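At position 51 of the sequence shown the residue is numbered 49 (the numbering used here), and the sequence of numbers has no breaks. One structure below.
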Amino acid sequence: MDGKDDEGNVITNWADAVPVKVNAQPAGGQVNAAIYGEELAYMKRLLYQGDTIVEGQNENDGICLNVPAVANPDYTITAILTYSDHVNVMIKRVVSDDGD
């Protein structure tokens, strides 16, 4: 859920973490390179089976991949592609206020 501070800056508030099992892989390929360009270096592809991550519903949700579930997410969902037996989820690294 997003809100705004007194100066009009967007402040993102994250909901409680929900555990999901995924297979995380580096993002790559010519199509993704054409779509994301230089940002592809900061992205990963998740292979997911389940019903928690849904196309058209969970884009822009946070993902805690390399940080504890109680921390702010280190990735956000940029795209979700649903196939018959799995879901491809593209995630992009979040740049924090301290530059990490």
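Beta carbons: idealized from backbone N, C-alpha and C, even for Gly. Fair warning: this is a prediction, and the values are worked out from it, not measured in the lab.
Taking the CB atoms as reference points, tell me whether residue i and residue j lie closer together than 8 Å.
| i | j | result |
| --- | --- | --- |
| LEU44 | VAL87 | yes |
| LYS42 | ILE78 | no |
| VAL85 | ILE33 | no |
Could you compute how far the alpha carbon of residue i sits from the alpha carbon of residue j?
| i | j | result |
| --- | --- | --- |
| GLN47 | ASN56 | 14 Å |
| GLY54 | THR74 | 14 Å |
| ASN11 | VAL20 | 24 Å |
| ASP3 | ASP83 | 42 Å |
| VAL8 | GLY60 | 16 Å |
Classify residue i as helix, strand or coil using the three-state DSSP reduction.
| i | result |
| --- | --- |
| GLN47 | coil |
| GLY35 | helix |
| VAL18 | coil |
* Contact between the region 25 to 34 and the region 59 to 72: three or more CB pairs below 8 Å? -> no
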